[in-house]
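See below for the structure under consideration.
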Amino acid sequence: MKKLVIFDLDGTLLDTVTDLAYSTNYALEQCGFPIHPVSDYKLFVGNGINKLFERALPAEARTEEHIQKVRSYFIPYYNDHNMDATAPYPGITSLLEALQKKSILLAVASNKYQAATERLVKHYFAGFTFTEVLGQREGIAVKPDPSIVYEILHTAVVAKEDTLYVGDSGVDMQTAGNAGVTSVGVTWGFRPRKELEKNGASFIVDSAEEVLRFVN
């Protein structure tokens, strides 16, 4: 049995795409740039918010100056609106309950900035104990760099072979592969099954309860 399950946040535990899209569109409008439909943001997210802004900006405007300007509008707006439409995916709460009953350690490894990661986990999963809740932080490489996973393994004092990493994107599958842990790709998130397969998912599941098969 696995001793630790590490979850991605956006697209895995929580459906956050609508709030991310509205907040980015707000910031783009404030800066005079065109906006995008919510569906486009499923392909924009996953590599941290600066990469999100870069992808959302017109090709000719993807400069560091414009990225930082969009960020300056996005952060305060998203901080106020990141729970407007966000919700856990079906079965997630029951999955966490089942894992916790088995005394399996839980952790979150996200490319969302740290303050928002902590706030969302605390709000939506207040009844659960997480060994670590880690997001994007200054000076720490974002996923698919494995540093965030190594940090969690160190805190939990759990070996790689006793760890499961659950995520919805190619970035997540790459992160697990780079860290040397077993990966489970989920199909209910932001990215298609083909992306999970292409990036080396150890297993792929269509429902939250299926994750338990690879824990036992």
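According to this note's numbering, the sequence shown is numbered sequentially starting from 1229.
Virtual Cβ for every residue (Gly too), placed ideally from N, Cα, C.
The region 1374-1384 / the region 1268-1276 touching (three or more Cβ pairs under 8 Å): no
Spatial distance of residue 1391 from residue 1261 (CA atoms): 43 Å
Cβ-Cβ separation, residue 1246 to residue 1266 (assumed contact under 8 Å), whole Å: 6 Å
Neighbourhood of residue 1324 by C-beta distance below 8 Å, restricted to the same chain and skipping five residues each side: 1334, 1353, 1356
Nonlocal neighbours in the same chain, by C-beta distance under 6 Å from residue 1298, ignoring five residues either side: 1255, 1259, 1281
Alpha helix (DSSP H) segment containing residue 1329, residue limits: 1320-1329
Range covered by the alpha helix (DSSP H) that runs through residue 1350: 1342-1352
Buried versus exposed, by CB contacts within 10 Å (16 or more), residue 1423: buried
Secondary structure of residue 1278, DSSP reduced to three states: helix
Exposure of residue 1385, with buried meaning 16 or more beta-carbon neighbours within 10 Å: exposed
Alpha helix (DSSP H) runs wholly inside the region 1257-1302, at least 4 long, in chain order: 1269-1272, 1277-1284
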